[in-house]
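Before any comments, here is the structure.
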Amino acid sequence: MIQLGITAKKTADILEIPLSTLYYHSVKAEQDMSLAEMIRDIAFKYTFYGYRRIHLAVNRRGVNANHKKVYRIYKCLSLQRQKPSKNKKRIAVEAPLTEPLFCNHVWAVDFLFDSFTDGRHIKIMTVEDLFSRFSLGIEVGFSITAKVVIEVIEECLRLYGIPRIQN
């Protein structure tokens with residue numbers, strides 16, 4: 064609202080928040096930036112490290128950081144790994160993560176599952192640009208076949224072009 068030319072006082076009144084909230088700037092966030100960079104570097108270099116091993120690596124580099132702080136930053140950077148299912152074979156491919164640097168650089172396809180109260184399951188497939196967090200395509204249904212997946216991805220490619228890297 065301030066960028067649209069509305070005064071800060073008027074903006075605070077409209078949003079019903081204290082004026083000081085608009086001008087608040089976290090000092091802690093600035094102090095944690097170098098630690099966050101270090102955590103990101105370690106996580107991208109060693110993709111199989113969780114926050115505990117990253118905490119040890121940070122301390123080995125001479126930064127005395129509490130494990131809770133490392134975990135908080137680790138979560139804020141969205142570096143958590145999903146635990147593998149116990150009933151499926153795990154095929155581990157250790158490839159370094161690619162940090163998206165611009166739009167249409169890295170895409171990701173994700174499948175989400177949910178159920179209704181009557182027990183029916185619903186499946187959701189999303190195609191997302193990791194840099195802009197823009198949803199390029201979404202498909203929702205009780206069944207999503209390989210043919211539907213291919214159609215959605217081909218439609219995204221037709222509309223947005225080919226990304227540099229596909230995850």
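Numbering (the numbering used here), first residue to last: 64 to 230. Yeah, the Cβ is synthetic: ideal placement off N, Cα and C, and Gly gets one too. In this text, all values refer to a predicted model and were calculated from it rather than measured experimentally.
Taking the alpha carbon of residue i as the reference point, which residue from the options has its own alpha carbon closest?
{"i": "Val133", "options": "Arg227, Gly200, Ile117 and Pro81", "result": "Ile117"}
{"i": "Val126", "options": "Lys186, Gly68 and Gln94", "result": "Gln94"}
{"i": "Arg196", "options": "Val215, Glu202, Arg135 and Leu164", "result": "Leu164"}
{"i": "His176", "options": "Lys186, Val169, His168 and Gly182", "result": "Reading off the sequence, residue 176 comes out as Phe, not His. Closest option to Phe176, Cα to Cα, is Lys186."}
{"i": "Ser178", "options": "Ile77, Val203, Lys138 and Ala209", "result": "Val203"}
{"i": "Ile228", "options": "Phe194, Lys210 and Thr180", "result": "Phe194"}
{"i": "Thr110", "options": "Val90, His88 and Thr161", "result": "Thr161"}
{"i": "Asp173", "options": "Thr180, Ile207, Asp181 and Cys166", "result": "Ile207"}
By Cβ distance, which residues of its chain are closer than 7 Å to residue i, with the 5 residues on each side in sequence left out?
{"i": "Leu140", "result": "Ala99, Ile102 and Arg103"}
{"i": "Ile239", "result": "In the structure displayed, the chain extends from 64 to 230; residue 239 sits before or after that span and is not available."}
Name the DSSP beta bridge partners of residue i, please?
{"i": "Glu202", "result": "Met188"}
{"i": "Asp177", "result": "Ile185"}
{"i": "Val212", "result": "Beta-bridge pairing links Val212 to no other residue."}
{"i": "Ile207", "result": "DSSP, once it has assigned bridges, lists no residue as partnering Ile207."}
{"i": "Ile228", "result": "Val169"}
{"i": "Phe197", "result": "Asp192"}
Output needed for residue i: all residues of its chain with C-beta closer than 8 Å, excluding positions within five of it in sequence on either side, in chain order.
{"i": "Lys72", "result": "Leu82"}
{"i": "Phe205", "result": "Arg183, His184, Ile185 and Lys186"}
{"i": "Ala128", "result": "Leu98, His118, Val121 and Asn122"}
{"i": "Thr84", "result": "Ala75"}
Keeping to the same chain, check which residues put their C-beta closer than 6 Å to that of residue i; ignore five residues upstream and five downstream.
{"i": "Ile201", "result": "Thr189"}
{"i": "Glu191", "result": "Ala171 and Ser198"}
{"i": "Cys219", "result": "Val190, Leu199 and Gly200"}
Ranges of the alpha helix (DSSP H) found wholly within the segment 82-170, counting only runs of at least 4: 82-86, 90-108, 114-123 and 130-139
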